[in-house]
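Notes for the one structure printed next.
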Amino acid sequence: MSQTLESGQPRQVSGKPAAAKISWVNKNLRVGFPGMPPPPPPMPTGRPITYAGMQKSRLAWDALRKSLQSQLQELEATIVQAVEANNQDQKAEETFDPKDVSAGTKKLYTILDGLDQRLIDTLDKALNAEGPERSKHQQAAKGLIEEYRTFVASDPMVAAVDNNGFTRTRIRPTVDQTLKVLSESL
Amino acid sequence: MALTALQRNFLVDNLGVTPNRGFFDVVDKFRDSRLEGSVDNYLQHEDGVLKQVEELRKIPGAEPFVLNIERAMSDVQKSVKNARRDGGKDAIDAEAKKVEDLKAMAKQVIDNKTFYGDLDTAEKALKALKEDPQRAHVKPEIDSAEKDLLAARKLAGEGKFNEARGKLGTANPALTEGKRCATEYAAVMVVKASAARMLGSMKGQYGDENDWTNLSNDIDVASAKAQTPTRDYNAAKNDLQVAIDEMKADMTNWWVTSDPDGLADLQLKQATLQSKSKDGKTIVDANLQKIGGIRAKISDAVNAGKWPVAMLAATQELPEEIVAATKLANRRIEYDKQRETTVGDISKLKDMKELMGQMFSMNKLVEKADELADRKAMRFEDGIAALQEVSNTVTVLGKVYVDTKAYAEARLKAEDGLEYLQKRPAARAGMLEDQIPYIEKLMAEAQKATGVMDLKKVVTTGPDMEDRRMAQVNWGQARATIDEALKAIEGATKLADTMKDSTEIAGRAGAADSQQKIEKLAADMRSQAQTVKGKRFGDKANDLLTKLGGTLDEAVRNAQTQGRMATAQELIQSAASLLLGAQTIQSQYEHFATQKDLADGRQKALTDSTQPPAETLKPKTDESAKLLKTAQEKADAFEWQAANDSLRAALGIIAEAEEAKERRKTFDTDAALAESDRDSLTDPLKSEVTKMIDKAKESAKAFDFVHATRFLANATARLAGDKVRKKAIAGQVDNDLETQLQKMMDAVGGEENYAKSTDNPSGKRTIPNGPDLLDELVKNLPDTVHPKVIIAIAKKRFNIKLSLSALSWQGGTIVDDKDASAGAIEPQNLKDESKRIQSAKKIYEMLALTPEQSKDNPSLKKVMRENVLENIKLGSGGGVSYNFASGGYYQGSENLTSVSGRPGDTPQKFGSKLKGYQKNRDGSFVLDGSGDMIEVEMLPAMASPEYAPANENDVDYFDFANVHETGHAVDDRMGFMKAREEQAAFGGWITHGSDIAKIAKQVAAKYGGDHADILEQYVSDMMIGAKVDPPAVGPKEQPAVNTACEDIKEWFDIATKCSPWWDQGNSVKIAMNDGRVYQEAYPGTWVSYPLSERTKGITGYQFRAPGEWFCELYASYHLGKLKPNHPARRWLSSLSL
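Sequence lines, in order, name chains F and H. According to our numbering, the first sequence holds residues 420 to 605 in order. According to our numbering, the second sequence holds residues 2 to 1138 in order.
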């Protein structure tokens, strides 16, 4: 048997290394300055606020929200019940998908979203603060009341809710009255 | 209750809830009674269609309609369901119309069941044809039929059944033809694959390569006949079969009908071996049986069309087995020759009846030698040596037999003589009181010297040679002692004879009672006294005789005087005693004097010696002279026993001195010659020779001629070495060189020349012996000596034929002649490039590294240097450019090793410096952007530290290759690796021979996945070089099969072209699922080994083949690269035992 030892041992080997790869960095690139403080707010102005007035206002707003929530929940229950009755009525020309109805009634609560709890929080801060700090929160509360008034004036749900056809509600008047009182108290 | 308008509006407008105004409520219930008329109409149609669908399902070929109707109905139902109150009736009516149309279409199909059945049959046939492995071949038929069938269905769908049937009628013949062609073509492909397989198997087998090329072309031409558009399948098959038959006939003729080369010779050798075998069995029976098996396999394979098996068995397995068996037979025949000689020698013992008992012992030794000369031990030469030893023993036994028999006979004679002597009247009369004890003492001494108690046994059964103790007995000395006893007996006998007369006289003296009797007795006694007196004897005897004369005169006077008879009688009796005493002394003295005279003569010859000078013997002669003097003194004192003891001791010393004289004479002659030669030398050789001669003389002076001869031989070897060196330089290869070399080769042996430790290959002897000196001499010869001298020395030293390639100018080009004669003379300008002498010296040095394996190795008869350089080119400016050559090979059939290149050109690296180079699949090196090769790891990390090299220093590749190739001769001689295949301790190698099916199975299993079975043949075909395409399978399987074939091709390329043993990565890549690496070690020789063994490797090349595995370890061991605790050292160190 012929056994040929291969002369495969290479002999000419260059030790030249591969070119080094350079990791290039653009040092001119800047990405802003996080942590810079915002500009200071304007100083509060207006007449002084009484502690009792603020406390009264807080209670009034809290009572309003609870009242609204109660009325809206009653309305939602009435709508679901009425739709079920409609769907079972063979003569009804239209039916409503209960899932769609359930989703639709959730829109009622946008009223509470608009008349939110921030006022209570702000008044709490004012009650717990003194001097200029309290004035500052008082001004903020007044600003919120203005915001709520604007909301009540423009929100279609607030405008339509008391004319729902399912149950009697007094949402708009109650809100208007409360906002008026608050506006005067602060 | 329904919602009020206000409620609905709030719900829809403010809460965004969409009302559902369909005819179906949210639970799919139809609820509008006002539209029931339309709906009922729709439902009626729908029901009809659904029934038709059930009927359509039963019609072959109508499946597309069923699908279409179901799809359409689904859309219709959706539309109906989504219909709104506003315009709802129109919508439902429209859908009902659609359903009506579907009914009509379904009816049309139902009414044409037969057509659709036929269409279905045709479409299925088309599908099958498209999936046929030969689909490519019948693509025109497929395309044509597909086009027509699509048209037929379309036309039928349009209700144009006549036209549709026309298209169907066109498609069917195309399908039939396609099927036929596919089948026929597949059959041709089977024959073609067989032909291709056979052609691949026959590549390189034809003496004229054109024959193979013609066959290859014939097959191509034949195959082409089956191609489109010719499609002459029968012609293709016939022509292919013609080619197959032609090759088959050649195969049959070469490998089946004809006897393979060397078989007849082997069979003759088997017959020779049989003639020497008792039971008719021979050592090559198994080989011939295997050869018969291989031939049967070849025949079966040829007949069964298993061409690769036939080819590999015929070209690889069979020649290899015949060569191995022939070598085995040759070695055994040589053994048998010696065996016959030895058995003949043993049979000579039959002539010595007493030694017949020893034949059993000798035959036992022959049986032991037989154990060395079998297939397992493979130590025929050791067996021959053992037999020679038996022959020597028999010779010694014969000699001892002669000695012992001679001794025993002499001793028995002495014993008989002594017994007789003891019964003589003289002995009983106490007249031999000195002689008999002396004789008895000699007998006892002889017995003690021989240790032989039962003399009769020695004579009747021969000496006991079991322990060869008898051979150590100084039979010469014992014989001399017994001869001395015989002489003493002879003397005593004579004395007894003499005493007979004296005794008679003494008796007559007692009865002499008259003058006449006394006068007569006195006259007789005077007559006897004259006899005694006429001989040489001592003063004491003379005194007694003088006194005897006076006494006799006085006795006669008294007898003549009356009345004095009584006195006369007393005097005559006293005279008789005096005569007896004188005669006794005379006898004793004469015996002593005779021996002493001889001793004196021998002593004088020694003290008068001139060659060698008496002085050289003085220690011995002084001692013998002293003993002689003592002997004489004791004799003079009539102390005969002491005198004889001293005399005998003196004779012993004289004998030693005489032997020493002869040996010294020879020694002096040889030493004088050596000194004479020495005197013409210069230092340091002169001092070395002088030192050795002095050691020899010192030993000779102490009469240690064994060592003296050895030291002198060593000195002679050194002197011969000087002559060899001078002759080498002068380029004289003649008889005198042969003589001088023989002197060097003879200077071996002796405890002062301790053999090299087997496990210390680089160790030196305490005193270099002749061959060592010769090796050193060759190493130090200048590079200007003629290579023919090295060739001559190597022949004498190793019994090998060394040949060296030479460069020469021929026709304006440089030619590298590997068959250059020993005396070839290279042009000066090529000599420097060729380095012929440097190569010769280096080859010699490497052979001398393992003399116990390279000398008289039946598997190493020729050593070559060839291929000095590669790619030699002449430059335009007259310069020469070339590449280095390296490597070597071993050719077992010729017992030949060959190395290429020159010393110092390239290094063998080790350990972390051991690198391979990346290769392309065609075996070429991969180059980087700069044109340099790319390094790869040759071996993985070591399994444990002992496998790492002892150091990482480079070894010259020329050196390493030489020792490596010698290793092949060692492996071949011992059948080492062949006997150790599949053994884990020896690499776990398997040489697959013609059993490539096992490899194909492993490869196909790794790469083939689910298609492994059909790929095994593909792998086998590839392995034997057949031109084969990936197996044709269905279109779904074909991509996977093609991918597998690509993987297999990659394995094949790496395993056959890329020398994967150099590259760890490639070795890993071609390891199969069983963990073994499968590769082609040499063309046509497939081997496998466990990949994990590479973690124990010393070089990458070790993993080419079993023999290379052995040789790389062998070379590494002898060149000091294996660590002391490397596991292989154990068996490497015992190879020479």
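Built from N, CA and C at the ideal position, the CB exists for glycine as well. All figures in this text were calculated on a predicted structure; none of them were measured in a lab.
Taking Cβ to Cβ, would you say residue i is nearer than 8 Å to residue j?
{"i": "residue 164 of chain H", "j": "residue 234 of chain H", "result": "no"}
{"i": "residue 817 of chain H", "j": "residue 808 of chain H", "result": "yes"}
{"i": "residue 99 of chain H", "j": "residue 81 of chain H", "result": "no"}
{"i": "residue 563 of chain F", "j": "residue 537 of chain F", "result": "yes"}
{"i": "residue 494 of chain F", "j": "residue 585 of chain F", "result": "yes"}
{"i": "residue 120 of chain H", "j": "residue 72 of chain H", "result": "no"}
{"i": "residue 973 of chain H", "j": "residue 893 of chain H", "result": "yes"}
{"i": "residue 478 of chain H", "j": "residue 450 of chain H", "result": "yes"}
{"i": "residue 482 of chain H", "j": "residue 426 of chain H", "result": "no"}
{"i": "residue 937 of chain H", "j": "residue 1066 of chain H", "result": "yes"}
{"i": "residue 577 of chain H", "j": "residue 604 of chain H", "result": "no"}
{"i": "residue 697 of chain H", "j": "residue 672 of chain H", "result": "yes"}
{"i": "residue 334 of chain H", "j": "residue 394 of chain H", "result": "no"}
{"i": "residue 289 of chain H", "j": "residue 248 of chain H", "result": "no"}
{"i": "residue 53 of chain H", "j": "residue 104 of chain H", "result": "yes"}
{"i": "residue 276 of chain H", "j": "residue 343 of chain H", "result": "no"}
{"i": "residue 385 of chain H", "j": "residue 448 of chain H", "result": "no"}
{"i": "residue 220 of chain H", "j": "residue 188 of chain H", "result": "no"}
If you draw a straight line from the C-alpha of residue i to the C-alpha of residue j, how long is it?
{"i": "residue 1044 of chain H", "j": "residue 138 of chain H", "result": "21 Å"}
{"i": "residue 265 of chain H", "j": "residue 382 of chain H", "result": "25 Å"}
{"i": "residue 67 of chain H", "j": "residue 922 of chain H", "result": "55 Å"}
{"i": "residue 692 of chain H", "j": "residue 332 of chain H", "result": "43 Å"}
{"i": "residue 1035 of chain H", "j": "residue 143 of chain H", "result": "15 Å"}
{"i": "residue 989 of chain H", "j": "residue 182 of chain H", "result": "51 Å"}
{"i": "residue 825 of chain H", "j": "residue 904 of chain H", "result": "20 Å"}
{"i": "residue 201 of chain H", "j": "residue 1006 of chain H", "result": "23 Å"}
{"i": "residue 582 of chain H", "j": "residue 518 of chain H", "result": "22 Å"}
{"i": "residue 1103 of chain H", "j": "residue 797 of chain H", "result": "32 Å"}
{"i": "residue 583 of chain F", "j": "residue 512 of chain F", "result": "20 Å"}
{"i": "residue 209 of chain H", "j": "residue 255 of chain H", "result": "15 Å"}
{"i": "residue 587 of chain H", "j": "residue 428 of chain H", "result": "17 Å"}
{"i": "residue 92 of chain H", "j": "residue 40 of chain H", "result": "10 Å"}
{"i": "residue 631 of chain H", "j": "residue 441 of chain H", "result": "22 Å"}
{"i": "residue 648 of chain H", "j": "residue 430 of chain H", "result": "28 Å"}
If you drop the 5 nearest sequence neighbours on each side, which residues of the same chain put their C-beta closer than 8 Å to that of residue i?
{"i": "residue 316 of chain H", "result": "206 and 1085"}
{"i": "residue 574 of chain F", "result": "529, 530 and 533"}
{"i": "residue 725 of chain H", "result": "738, 741, 742, 745, 775, 778 and 794"}
I'd like the list of long-range same chain contacts for residue i, defined as Cβ closer than 6 Å, with 5 residues on each side in sequence excluded.
{"i": "residue 543 of chain F", "result": "none"}
{"i": "residue 145 of chain H", "result": "175"}
{"i": "residue 956 of chain H", "result": "909 and 1120"}
{"i": "residue 669 of chain H", "result": "613"}
{"i": "residue 487 of chain H", "result": "415"}
Determine which residues share a DSSP beta bridge with residue i and list them.
{"i": "residue 937 of chain H", "result": "H/917"}
{"i": "residue 884 of chain H", "result": "H/871"}
{"i": "residue 802 of chain H", "result": "H/863"}
{"i": "residue 1089 of chain H", "result": "H/991 and H/1079"}
{"i": "residue 816 of chain H", "result": "H/809"}
{"i": "residue 957 of chain H", "result": "H/908"}
Going along the chain, which residues of its own chain have a beta-carbon closer than 7 Å to the beta-carbon of residue i, five neighbours each way excluded?
{"i": "residue 147 of chain H", "result": "127"}
{"i": "residue 191 of chain H", "result": "none"}
Subject >> Length-filtered (4 minimum) alpha helix (DSSP H) runs lying within the segment 191-271 of chain H >> reply: 210-226 and 234-252
Original post:
Considering only residues of the segment 558-596 of chain H, which uninterrupted beta strand (DSSP E) runs meet the minimum length of 3 residues and lie entirely inside it, listed in chain order?
Top reply: none
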